Structures are given as structure tokens and as C-alpha cells.
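Undergrad: Start counting the sequence shown at 168; every next residue gets the next number (my numbering).
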Amino acid sequence: MTVWDDLVGQSQAVQTLQAAAQHARAIVEGAQGAEGDGARGMTHSWLITGPPGSGRSTAARAFAAALQCTGEPVGCGQCPGCKSTLARSNGDVADVVTTKVIISIEEVRDLVYQSQSAPSRGRWRVILIEDADRMMERASNVLLKAIEEPPERTVWLLCAPSPEDMITTIRSRCRHVSLRIPPAGVVAELLQRQFDVPPERAVAAARLAQSHIGRAKGLLSDDGKIREYQELMQLALSARSTGEAVLNAGKLISRATEIEKKQQEKDFEKAESALRRTLGIEEGEAPPSHMKHHFTRLKEDQDRQATRMQRDALDRVMLDLLAFYRDVLARQLGAQVGEINVGLSGAVQNYAQMTSPQQTLEAIESVELARSRLQTNTTPLLIVEAMLTALVPHR
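1) Specify whether the region 234 to 250 and the region 183 to 198 touch according to this definition: at least 3 beta carbon pairs, one from each stretch, less than 8 Å apart.
2) Does residue 448 come out as helix, strand or coil in the three-state DSSP assignment?
3) Going by the DSSP bridge assignment, what does residue 345 pair with across the sheet?
4) Identify whether residue 496 lies in helix, strand or coil by the three-state DSSP scheme.
5) Leaving out five residues on either side along the sequence, give the residues of the same chain with a beta carbon under 7 Å from the beta carbon of residue 334.
6) For residue 326, list the residues DSSP reports as bridge partners.
7) Whose C-alpha, out of 170, 233, 530 and 387, is nearest the C-alpha of residue 555?
8) The alpha helix (DSSP H) spanning residue 277 covers which residue range?
9) In angstroms with no decimal places, state the Cα-to-Cα distance between residue 180 and residue 346.
10) Quick check: the Cα distance between residue 437 and residue 444, rounded to an integer number of angstroms?
11) Suppose you measure from the CA of residue 424 to the CA of residue 400; what does that come to, to the nearest Å?
12) By the three-class DSSP mapping on this structure, what secondary structure does residue 261 have?
13) Go through its chain and collect everything with a Cβ distance to residue 404's Cβ below 6 Å, but skip five positions before and after it.
14) Report yes if the C-beta distance between residue 311 and residue 270 is below 8 Å; otherwise report no.
15) Compare the Cα-Cα distances from residue 349 to each of 532, 170, 174 and 281 and report the closest residue.
16) What number of angstroms, rounded off, separates the C-alpha of residue 204 from the C-alpha of residue 324?
17) Please classify residue 546 as buried or exposed, where buried requires at least 16 neighbouring CB atoms within 10 angstroms.
18) Within a Cβ cutoff of 6 Å, which residues of the same chain sit near residue 527, ignoring the five residues on either side of it in sequence?
19) Return the chain-ordered list of same chain residues with a C-beta closer than 6 Å to the C-beta of residue 291, the five sequence neighbours on each side being excluded.
20) Determine contact between the region 220 to 233 and the region 249 to 261, defined as no fewer than three beta-carbon pairs at a distance below 8 Å.
21) Can you find the residues in the same chain that come closer than 6 Å, C-beta to C-beta, to residue 227, ignoring five residues on each side of it along the sequence?
22) If we count Cβ pairs, one from each stretch, closer than 8 Å, do we get three or more for the region 367 to 380 versus the region 516 to 527?
23) Tell me the residue span of the alpha helix (DSSP H) that contains residue 380.
24) Against chain C, with Cβ distances strictly below 8 Å, would residue 455 count as a contact?
25) Hey, is the region 414 to 433 in contact with the region 474 to 487, meaning 3+ C-beta pairs nearer than 8 Å?
26) Just to confirm my understanding: we take residue 332, look at its own chain, exclude 5 residues before and 5 after, and list those with CB closer than 7 Å. What are they?
27) What whole-angstrom Cβ distance do residue 534 and residue 489 have, given they're in contact under 8 Å?
28) What residue range is occupied by the uninterrupted beta strand (DSSP E) comprising residue 293?
29) Quickly, what does DSSP pair residue 321 with across the bridge? List them, please.
30) Below 8 Å on the Cβ atoms is my contact criterion, and I expect residue 354 with residue 378 to pass it. Report the Cβ-Cβ distance as a whole number of Å.
Here it is in C-alpha cells:
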């Protein structure tokens with residue numbers, strides 16, 4: 168097991184990051200010629216990009232763990248540096264997940280202040296910003312100076328959907344690593360290894376999750392996930408009038424939020440158990456006073472995620488809708504491709520018959536518009552009402 172195991176279908180990115188981590192170790196250990204070995208690619212600022220589900224934060228966290236690694240090979244996944252970083256309990260790794268649509272200047276200034284401190288126990292001070300694209304230009308300018316002239320042992324890891332989501336001055340000073348959506352077949356192979364399930368079930372989960380590994384694992388580990396998915400899609404697609412669309416919008420938001428909250432509670436329990444194992448604390452045993460801050464930080468992370476829960480849940484529904492209309496369009500055009508959706512073949516056929524390819528493309532555009540609006544401060548209910556109204560099929 169290594170820190171790279173969950174980063175499937177990204178061989179080129181893994182190769183780049185692993186080589187940089189090996190060079191970083193050489194720098195720390197004072198190997199002759201390490202500081203001048205620019206070909207190995209270690210630098211103090213990185214920009215990791217890729218579409219949703221590609222594993223941006225997974226790649227960044229794996230790289231952070233490899234930088235703190237003391238075992239063999241680099242990024243062994245077994246040493247205290249790797250384990251504590253992956254468990255988000257390493258004091259020298261600041262893992263920043265914003266709770267708001269925008270990362271404020273004050274938050275960036277605090278990160279810059281943290282970056283000036285030398286690592287206390289680990290090998291590097293790592294600042295990992297999972298949603299760096301949420302920084303406005305003024306906040307990015309505050310970060311610029313820190314990236315240009317970082318302390319000797321500080322590394323910035325910025326994650327964003329694409330380089331264009333960052334201002335030019337930031338992206339020009341970072342080494343860029345681009346990720347892609349892994350093929351469904353590669354994800355299915357990973358699921359088969361980890362869950363020992365039949366190939367057809369692994370492929371169905373990988374396709375329905377649109378190659379998002381975390382979601383695919385959730386679909387396999389809980390049969391109720393498929394039913395929840397079908398329930399949400401029914402609410403999104405069943406309206407046949409504006410009145411029904413408005414009524415279903417409220418139901419859809421309520422149910423999607425409820426499902427997401429339940430999943431986050433499960434994830435928190437797993438994370439807490441993993442943290443206890445890492446720190447050597449038995450279940451039910453009160454953590455020692457000098458370790459309590461790890462659990463406090465974990466709870467704070469959960470609270471921050473809760474503030475974004477509704478928007479994340481709705482974005483997932485919208486991605487499922489895009490996959491549904493992709494299947495409808497493929498059916499309308501006679502394309503010989505496998506369906507992404509599970510258990511909705513009848514609905515796909517009905518929509519394909521009652522609407523035209525042009526209407527399907529308009530529906531896809533409406534969902535994409537709703538997704539972009541979801542990244543603003545617009546009220547989610549208004550966004551979903553407008554989207555479902557636009558999706559009411561017209562003969």
C-alpha cells in the first residue's frame with residue numbers, strides 16, 4: 168500500500184509527483200547536488216487541476232504525505248508521516264477546505280502567516296488549498312508574494328478545476344499538474360480489487376458515479392445508494408407543469424440534503440475511527456489532553472463541510488441529470504454506447520421518444536446553467552425551481 172493507491176488512471180501525474188517527492192527528500196537529507204537538480208521537478212508551489220471526480224484533492228494530499236514520508240519507498244503509506252497526513256492529523260500540513268463560495272482576504276492572510284513557520288516535526292510545511300479557484304483577485308494577490316518568495320521548507324499545493332480559474336500571476340508561478348477523469352474500466356478494476364464484486368456490478372457503479380472513485384465506492388458499499396439516486400432522479404424528472412416543478416424543487420432539495428447529511432455522518436465516524444487507530448487510542452477511550460486538538464480539528468472540518476452540504480448535494484444531482492440527458496441524446500442519435508444510468512432505461516426511452524435532440528441539448532444547457540449559478544450566492548431553491556421548470560418536457 169502506498170499513498171498513490173487511490174489515484175487511479177493518473178500514471179503521468181503520479182510519476183511527476185513521486186519524482187518531485189524523491190527530490191524533496193534529497194533536499195531535506197542534504198544529498199549532494201539535490202538543490203540544483205531542477206529536472207526532478209521539486210518546487211515550492213504547485214497547481215493541481217482536473218474536472219470534478221478526477222481526484223485533485225486526493226492527489227494533493229498524497230503528495231503532501233509523500234513529502235512528509237520517512238519510509239521506503241517515498242510515499243510508503245505506512246510511516247507516521249504518511250499516516251498522519253492522510254488522516255489529516257499532521258500539524259505541519261494545513262488542509263484548507265473553504266466553507267463559503269469565496270475565500271476571503273483574511274483567510275488568505277492567515278495562511279500566509281502560517282506558511283512562514285518552519286515545520287515543527289515533519290519535513291515540510293505544506294499548505295493545501297482544495298478550492299483555490301474560490302479566491303477573488305484581491306485575495307490571490309495577497310497569496311502571490313508568499314508563492315514568489317516562500318520560506319525554505321514551505322510548499323503550496325493549490326487545487327482548481329482548470330488553470331484558467333486562477334489569475335495569470337499565480338498560475339505562472341506554479342508548476343502545473345493536470346488530472347483527467349479516469350476511464351470507467353480502470354475505476355471498475357479498482358472496485359473489484361477492494362470490494363471483491365462481480366465485474367458487471369463494478370462497471371455499473373463506475374459508470375453511474377461517472378468515474379468518481381469516492382462515489383463509486385459508496386454505491387458498492389451501500390445498496391440503498393442506488394435507490395436514493397433513483398428517488399432523486401424521479402423528483403427531478405417527473406414534473407409535467409410549472410406548478411409541479413416548483414413543488415418538486417423543494418422536495419428535491421430537502422431529500423438531497425437529508426441524504427448528504429446521513430453520508431457525512433458516516434464519513435465522520437470512519438474518519439474518527441481512522442484517527443484513533445493512527446494515534447493508538449481505543450474506541451470509547453477518551454483521548455489524552457495533548458491529543459485532543461486532533462479531534463477538535465476533525466470536528467471543525469465536519470462543521471465546515473456541513474455549511475456546503477446542500478450545494479454539494481445539489482451539484483451531485485445535477486451531474487446525474489447531465490448523465491441522464493447524455494443517455495437520452497445517445498438513444499435519440501442511435502449511438503452505440505453504454506448507458507450511464509442504472510434502473511432508468513424506461514425513463515430514458517420515454518424521453519427519447521417524446522422530445523427531440525434539440526430539446527435534449529436545451530435541457531443539458533439548463534442544467535449546466537443551474538450548476539454555474541450554484542457557485543454564486545443565489546438561493547438554491549430559486550436555482551432548482553428555474554432548472555426544473557426548464558426541464559418540463561414539451562411535445
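Note that beta-carbon positions come from the ideal geometry of N, C-alpha and C, so glycine has one too.
No experiment lies behind these values; they were computed from the predicted model shown.
TA: Considering the structure as presented:
1) Between the region 234 to 250 and the region 183 to 198 there are three or more inter-stretch CB-CB distances shorter than 8 Å, so the stretches are counted as touching.
2) In the three-state reduction of the DSSP assignment, residue 448 falls in the coil class, being assigned neither a helical nor a strand state.
3) Bridge partners of residue 345: 216.
4) Residue 496: helix per DSSP, three-state reduction.
5) Excluding positions up to five away in sequence, the list reads 304 and 307.
6) Answer by DSSP bridge pairing, in chain order: 215.
7) That would be 530, whose Cα lies nearest to the Cα of residue 555.
8) Segment 272 to 282, the alpha helix (DSSP H) holding residue 277.
9) Each residue's Cα considered, the two are about 7 Å apart.
10) Each residue's CA atom was taken as its position, placing residue 437 and residue 444 some 11 Å apart.
11) The alpha-carbon atoms of residue 424 and residue 400 are separated by roughly 14 Å.
12) Correct three-state label for residue 261: strand.
13) There are no such residues.
14) Not in contact: residue 311 and residue 270 (Cβ atoms no closer than 8 Å).
15) Of 532, 170, 174 and 281, the smallest CA-CA separation from residue 349 is found for 174.
16) Low confidence applies to residue 204: its pLDDT is 49, below 50, so where it sits in the model is not reliable enough to give any reading.
17) Answer is exposed; the Cβ neighbour count stays below 16.
18) Only 492, 495 and 496 meet the Cβ criterion.
19) Non-local beta-carbon contacts of residue 291 in its own chain, meaning distances under 6 Å to residues more than five positions away in sequence, involve 234, 320 and 322 in chain order.
20) Enough Cβ pairs lie closer than 8 Å, so yes.
21) Leaving aside the five residues that flank residue 227 on each side, the residues in its chain whose CB is nearer than 6 Å to its CB run, in chain order, 215, 295, 324 and 326.
22) Counting Cβ pairs under 8 Å, fewer than three are found: no touch.
23) Residue 380 -> alpha helix (DSSP H) spans 380 to 388.
24) You won't find chain C in this structure, because it holds only one protein chain.
25) At 8 Å Cβ cutoff, the stretches touch.
26) Cβ within range, chain order: 300.
27) Correct: roughly 5 Å between the Cβ atoms.
28) Annotation: the continuous beta strand (DSSP E) that includes residue 293 extends over 292 to 296.
29) Partner(s): 292.
30) Contact holds; Cβ gap of about 5 Å.
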